[in-house]
Every structure is written in structure tokens, then in C-alpha cells.
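Trainee: For reference, the structure I am asking about is given below.
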Amino acid sequence: MAVHSQVRWFAAALFGVCLVVVSAAATPVPLPPKAAIASGHPLATQAGLDVIAQGGNAFDAAVAVSAVLAVVEPASSGVGGGGFYLLHVAATGHDVMVDGRETAPMAATRDMYAGRAEGSTAGPLAAGIPGEPAAWAWVASHYGRLPLATSLKSAIRIARDGFELYPRLQNAIRVKQKQLLQSPDAAGVFLLKGAVPPVGARIRQPLLAGTLELLAREGADGFYKGAFAAKLAAGVRKDGGLWTVDDLARYRVIERAPLRLHYGDATLVTASPPSSGGVVIGDALAILAGYDLASLDANTRRHLTIEALRRAYRDRAEYLGDPDFVQIPLELLLSSQYAAGQRTSIRLDRATPSSVLRPVYTGDESPSTTHFSVLDREGNRVGATVSINLFFGATYMVPGTGFMLNDTMDDFAVSAGTPNAFGLVGADANAIAPGKRALSSMTPTFVERPSGLLIIGSPGGSTIISNVLGGILNWLDGKSAAEIVAAPRVHHQYLPDSVMLEPGALNAEERADLERRGHKLHDGRSSWGNTQVVTWDYGSGKVEAASDPRGAGVGLVY
Ligand code: GLY
Numbered sequence: 001m002a003v004h005s006q007v008r009w010f011a012a013a014l015f016g017v018c019l020v021v022v023s024a025a026a027t028p029v030p031l032p033p034k035a036a037i038a039s040g041h042p043l044a045t046q047a048g049l050d051v052i053a054q055g056g057n058a059f060d061a062a063v064a065v066s067a068v069l070a071v072v073e074p075a076s077s078g079v080g081g082g083g084f085y086l087l088h089v090a091a092t093g094h095d096v097m098v099d100g101r102e103t104a105p106m107a108a109t110r111d112m113y114a115g116r117a118e119g120s121t122a123g124p125l126a127a128g129i130p131g132e133p134a135a136w137a138w139v140a141s142h143y144g145r146l147p148l149a150t151s152l153k154s155a156i157r158i159a160r161d162g163f164e165l166y167p168r169l170q171n172a173i174r175v176k177q178k179q180l181l182q183s184p185d186a187a188g189v190f191l192l193k194g195a196v197p198p199v200g201a202r203i204r205q206p207l208l209a210g211t212l213e214l215l216a217r218e219g220a221d222g223f224y225k226g227a228f229a230a231k232l233a234a235g236v237r238k239d240g241g242l243w244t245v246d247d248l249a250r251y252r253v254i255e256r257a258p259l260r261l262h263y264g265d266a267t268l269v270t271a272s273p274p275s276s277g278g279v280v281i282g283d284a285l286a287i288l289a290g291y292d293l294a295s296l297d298a299n300t301r302r303h304l305t306i307e308a309l310r311r312a313y314r315d316r317a318e319y320l321g322d323p324d325f326v327q328i329p330l331e332l333l334l335s336s337q338y339a340a341g342q343r344t345s346i347r348l349d350r351a352t353p354s355s356v357l358r359p360v361y362t363g364d365e366s367p368s369t370t371h372f373s374v375l376d377r378e379g380n381r382v383g384a385t386v387s388i389n390l391f392f393g394a395t396y397m398v399p400g401t402g403f404m405l406n407d408t409m410d411d412f413a414v415s416a417g418t419p420n421a422f423g424l425v426g427a428d429a430n431a432i433a434p435g436k437r438a439l440s441s442m443t444p445t446f447v448e449r450p451s452g453l454l455i456i457g458s459p460g461g462s463t464i465i466s467n468v469l470g471g472i473l474n475w476l477d478g479k480s481a482a483e484i485v486a487a488p489r490v491h492h493q494y495l496p497d498s499v500m501l502e503p504g505a506l507n508a509e510e511r512a513d514l515e516r517r518g519h520k521l522h523d524g525r526s527s528w529g530n531t532q533v534v535t536w537d538y539g540s541g542k543v544e545a546a547s548d549p550r551g552a553g554v555g556l557v558y
């Protein structure tokens, strides 16, 4: 404890994280000299910039980017999935999170997957009611300047004419080849006579183009009501799912106040529940705010960040779920008093075994998903993270519709005490209930300080949160957009009790130092995340967009 007592403690109340859930106008800032978009695919980034060039704003661009990602990253997001759109309206200073997360069908029950090995990860029983089409229509009509049909044009064209298969998507097809073969429509699009197509093969999706055209023509009602909804519900039920036309008709996006957190001179606007991301980041930052991180060496900072994440992910597992169904003690979890309590068990020289923290069952999410960041020249911002959960979601297409259904039901604590796809078991706050939204880790975030702005987010299941937190800390340390997306990743999520490392993330000395402190290191076989960042330095006016070098995307300024 000698080292521990040497830590310089700060009055967390003065330099802490505090929570305000009500939106408030930000300090006036200049207008950005350029628009910028970073996304997981060059065609999506370009489609967003094209829409801005046609007179659209960041919100129109977000619809265009998201719709093209649905076509060119069909393993990660799509019409059959959902997500969170974090918006900043420059003219009013208003921040809002458009929650387009999927909902459990009304016939869903807490133990519906008991005894069904793959029930929550494959096939139509795994699918929640999609939110993506409703979110596009909502963002376009409430915040955009262009008709939905204009913003969907690029996606329709690319779905019809096709795009070239690239290695990242080919890998996802390879991983899910067996399951894709079970769904004739999906196999027809993504496989070549049952085999994985070569890189460069043209992927054409005429049925998806038709569904997008329906949305362009009739808006969300074309999807959630009438003949198309009847076809969806009938197809899902025929193959063992629970959807009804009523489930589709009752789907609504929800506008939620994002979390607003303060850390030092920075203000974070980030995803609120049913995402766990903002709460975990706030919980961890409140713990870290008690240390003078700048005075500590890199590995001690890393150790403290791991310890903060260990505790924040534990809280996630115990307390978080859909806020319309469970009471979440937000003010407590984000308070400086609670953080001070958490710090009392943290030593600088020793890892705390997760087993000595009050036990809780945990849940986890998938490594798929996608994120994009947008800034326009009016200062409007979008950070959006969207998903169909695991690669290709439920690996199931309702015949004739052209899109994969999600398997987001697996983001619920599927069955108390029964491990989910990731070998973990779940807690009550995130139990399945009719109409409920599963707890998510998707964490689109804006960070603003007097000198500038960061828009950040990533896919990566439960690693999203540590990844976004790492990006925020790197930005606060003065790193560029390119450095932030490239930075090596280190992850801890309470259970399993090990520090997950990307290949090459730490050198031998750093590894030995963490092991001396008692951390168990787990070397990931591959890297994770696909971070998309836009930054704007108010002083120099420099706008940067950077896409993770681990992915196939691109960041462009216009
Ligand atoms: N399905 C990924 C997430 O929501 O965290």
C-alpha cells in the first residue's frame, strides 16, 4: 500500500465527472471550414459527402452513409437491424439520441431460448423487431433537409448494380458460410454456387434494392405496415420466429436525452441507456478523475484504466438494461462519491481480482456492428453506431426481402445462469421481456473542450466501450485523428478476469510490468474494433477524418 498512499488524490467534486441528463446549449464555437465523414467503407463515406454537396446537412448524410453501409457491410448492419444516432443540431445546440434499437416481439418470454442451443444467435427466432428503417425515416424527416428518397439513392444504386467483394467482407462470409447456406436467399446473394466468392466478385442485391425503393417511396410505413409487413411476419413465423404484423406496426424510435458528462475541461455527450456505453465510460472516468494521470507513467495509467473498467463493467452487468423497464441508479453510478468508494479498493501496485468484487452475472455483445462520424459546415454532428449483432445477424433472410435479420435478442441476458454466445451469463436488469430493448454497448460520443471537438465510435461488442474510452483519453492527450484510430487496444470487462490485448499492443517490458501487478494477460488472436473519428481544432480550424487502419473504411474532408 506504500505506492498506493503516494497517489496524489484530487477533490473529485472539483475535477470529477458529473452527470447532467438534460440537453443544454454548448458554448458558441466557430463554423467548421470543412465537412468531414469517417465510415467503414469508402462508398458510404462518399455517398454522405455527395448528399452534402447536393445541399443536404449532416443528418441527410447520416441516412445516406447508414443506408450504403447496409448494402456494402451486410455482415455488420442493415435494414433488418437497429442502432443509435447521436445528433447535435448546431442552430439550437440541441443534442439528442435517436434510439432505433430493435425491440423484443410481444410474444417473447424470459426463458424463450432455454434448451435451444443457437436460438438466440441464428434463425428468425433470434431477431428483434428492426429499428433501422424507422430511424432513417425519423432522422430524415425531423432533422434532414432532403427527402428520404434522395438520401437513399446511392444505396439503391449500389444494391442494384453491385459492389466489389473486399477481404473484410469475404472473411465474414467465410466465417458464416455454413449458416448462410441454410437461408436460400442469403446464399444466393453472398455465395457463389455455395462457395465463398473471390475478392473482386460483384455482390448484387436486387431484392434489397427493391426494399430500399419501397422505403424511398412510402417511408417507414411501407416497411412496418401493409403487405410488406405481412410478408415479413409470415416469413419469420413460418421459419420458427415470433413476429406479428402488430409487432411491426407498433415499432417506434425513441428520442432520448444523451448522457452529458464533464471530465476536466471536456464535456462528453454520449449514448444513454439502453446503451451501456455512456454509463460505463462515465463510471470509469469518475474513478480516473481522482488521479493525476498526467503525472503517472504510461503503464500505471494503463493499470488504473483497467481497474476503472473492471469496476465500471461490473456495474454494467448488475444495473443496466432498458430504462423503460428497469430503474437504473444513474446519478449514483456517475457520482464522485461513488467513484471515491470504488477507488478505495484500487492499489497502484496490484490488480484487484474480479472475484473479490461483489459478484454479478454478466452478458456480452458481438464483435460485429459498424460506426460512422459526420460533421457538416454548419457545425451539425452525427455519431451513429448501427448493428445487426453477430456477422450477418441471424444469417436469415425472409424470402423476397433481400436483407439479413438481426440476432440482437442475444444481447439480452438470454437465460439466467445459461452462458450466451460468448460463454457468459446474464443479469436480471437485462432479462428478456415483450417490447423491451436489449442492453447494448454501442457508444457514439461527442467530446468537446475549449480547444476543439471529437466525434468517435466503433463496433466491437463489449470492447466498444474500452475502445471509445481509450480514444477519448488519447484525444485529451493531444493525439491526432489518425493516431487515435490506430492506437493499440487493451480491454478489460470485469469477467472474464483477464486483460485482452491486441497482437503487439504492449512491449515485453509493459507486459512484464502488468503481470507483476497481478494482471492475467490474454493475447487476442486478432485485433478488434473499427473506430471512425472526426476531429476539429477550433484554433487552427483543422478538420480531420480518420478511419481505423484495421478496417476497409475511409475518412474524408470536403
Ligand atoms: N449488438 C452490439 C451491441 O449492441 O452492443
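With the numbering used here applied, the sequence shown corresponds to residues 1 to 558, in that order. The C-beta atom is built at its ideal place from N, Cα and C for all residues, glycine as well.
Going by beta carbon distance, what residues of the same chain come within less than 6 Å of residue 173, once the five residues before and after it are set aside?
Mentor: Here residue 173 refers to the residue found at position 173 of the sequence shown. Taken in chain order, the residues that qualify are 190, 196.
Trainee: Look at residue 70 and residue 63 and say whether their C-beta atoms are less than 7 Å apart.
Mentor: In the sequence shown, the residue the question calls residue 70 occupies position 70. In the sequence shown, the residue the question calls residue 63 occupies position 63. No, the Cβ-Cβ distance between residue 70 and residue 63 is not below 7 Å.
Trainee: Which residues in the same chain as residue 326 place their Cβ atom closer than 6 Å to its Cβ, once the five residues preceding and following it in sequence are excluded?
Mentor: Taking the first residue of the sequence shown as 1, we reach residue 326 at position 326. Around residue 326: 429.
Trainee: May I ask whether a heavy atom of the ligand GLY can be found less than 6 Å away from the beta carbon of residue 411?
Mentor: In the sequence shown, counting from the first residue as 1, residue 411 sits at position 411. It does: the Cβ of residue 411 is within 6 Å (strictly closer) of some heavy atom of the ligand GLY.
Trainee: Could you have a look at residue 314 and say whether DSSP puts it in helix, strand or coil?
Mentor: As a first step, residue 314 must be located in the sequence shown, where it is residue number 314. Residue state, collapsed to three classes: helix.
Trainee: Excluding the five sequence neighbours on either side, which residues of its own chain have a C-beta within less than 6 Å of the C-beta of residue 59, listed in chain order?
Mentor: Here residue 59 refers to the residue found at position 59 of the sequence shown. These residues qualify, in order along the chain: 139, 143, 144.
Trainee: Tell me which residues share the same chain as residue 199 and place their Cβ nearer than 6 Å to its Cβ, disregarding the 5 neighbours each side in the sequence.
Mentor: Translated into the one-based positions of the sequence shown, residue 199 becomes position 199. Excluding residues within five positions, the ones whose Cβ falls inside 6 Å are 165, 167, 170.
Trainee: Please classify residue 405 as buried or exposed, where buried requires at least 16 neighbouring CB atoms within 10 angstroms.
Mentor: To locate residue 405, count along the sequence shown from 1; it is residue 405. Under this definition residue 405 is a buried residue.
Trainee: In whole angstroms, what is the alpha-carbon distance linking residue 54 and residue 331?
Mentor: Taking the first residue of the sequence shown as 1, we reach residue 54 at position 54. Taking the first residue of the sequence shown as 1, we reach residue 331 at position 331. Whole-angstrom Cα-Cα distance: 43 Å.
Trainee: Answer yes if the stretch 37-45 comes into contact with the stretch 371-380, meaning at least three C-beta pairs across the two stretches below 8 Å, and no otherwise.
Mentor: Because the criterion of three Cβ pairs below 8 Å is met, the stretch 371-380 and the stretch 37-45 touch.
Trainee: Given a cut-off of 7 Å, decide if residue 43 and residue 72 are closer than it, judged by their beta-carbon atoms.
Mentor: Mapped onto the sequence shown, residue 72 falls at position 72. Mapped onto the sequence shown, residue 43 falls at position 43. Yes. Within cutoff.
Trainee: Considering just the uninterrupted stretch of the alpha helix (DSSP H) at residue 497, what are its terminal residues?
Mentor: Numbered from its first residue, the sequence shown carries residue 497 at position 497. Careful: residue 497 lies outside any alpha helix (DSSP H) and carries neither H nor E.
Trainee: In terms of residues, what are the limits of the beta strand (DSSP E) holding residue 263?
Mentor: Residue numbering aside, residue 263 sits at position 263 when the sequence shown is read from its first letter. From DSSP, the beta strand (DSSP E) with residue 263 extends over 259-263.
Trainee: Roughly how many whole angstroms lie between the Cα atoms of residue 157 and residue 151?
Mentor: Reading the sequence shown from its first residue, position 157 is the one you call residue 157. Reading the sequence shown from its first residue, position 151 is the one you call residue 151. For residue 157 and residue 151, the distance between alpha carbons rounds to 11 Å.
Trainee: Measuring straight from C-alpha to C-alpha, what distance separates residue 92 and residue 257?
Mentor: The residue labelled residue 92 in the question sits at position 92 within the sequence shown. The residue labelled residue 257 in the question sits at position 257 within the sequence shown. If you take the alpha carbons of residue 92 and residue 257, they lie about 15 Å apart.
Trainee: On the CB-based measure, 16 or more other CB atoms within 10 Å of its CB, does residue 393 come out buried or exposed?
Mentor: The count along the sequence shown starts at 1 and reaches residue 393 at position 393. Result: buried.
Trainee: Are there 16 or more other CB atoms within 10 angstroms of the CB of residue 273, so buried, or fewer, so exposed?
Mentor: Along the sequence shown, read from residue 1 onward, the residue named residue 273 stands at position 273. By the neighbour-count rule (16 or more Cβ atoms within 10 Å), residue 273 is buried.
Trainee: Evaluate residue 507 with the Cβ neighbour count: other Cβ atoms within 10 Å of its Cβ, from every protein chain shown; 16 or more gives buried, anything less gives exposed.
Mentor: Position 507 of the sequence shown, counting from 1, holds the residue named residue 507. Exposed.
Trainee: Let me know the beta strand (DSSP E) ranges lying completely inside the stretch 451-498, each 3 residues or longer, listed in chain order.
Mentor: You should have 452-456.
Trainee: Helix, strand or coil for residue 544 per DSSP?
Mentor: Locating residue 544 in the sequence shown gives position 544, counting from the first residue. In the structure shown, residue 544 sits in a strand (DSSP, three-state: E or B).
Trainee: If you scan the stretch 372-421 from start to end, which runs of the beta strand (DSSP E) of 3 or more residues do you find wholly inside it?
Mentor: Complete beta strand (DSSP E) runs here, min 3: 381-387.
Trainee: With the cut-off set at 7 Å, would you say residue 559 and residue 346 are in Cβ contact?
Mentor: A query on residue 559 cannot be resolved here, the shown segment of the chain reaching from 1 to 558 and no further.
Trainee: How about residue 246 and residue 129: do their beta carbons lie closer than 7 Å?
Mentor: Position 246 of the sequence shown, counting from 1, holds the residue named residue 246. Position 129 of the sequence shown, counting from 1, holds the residue named residue 129. No. Outside cutoff.
Trainee: Should residue 103 be listed as close to the ligand GLY, given that the test is whether its C-beta is under 6 Å from any heavy atom?
Mentor: Here the question's residue 103 lines up with position 103 in the sequence shown. No - the ligand GLY has no heavy atom lying nearer than 6 Å to the Cβ of residue 103.
Trainee: Alpha helix (DSSP H) containing residue 283: first to last residue?
Mentor: Counting from one through the sequence shown, the residue named residue 283 turns up at place 283. Element bounds for residue 283: 277-288.
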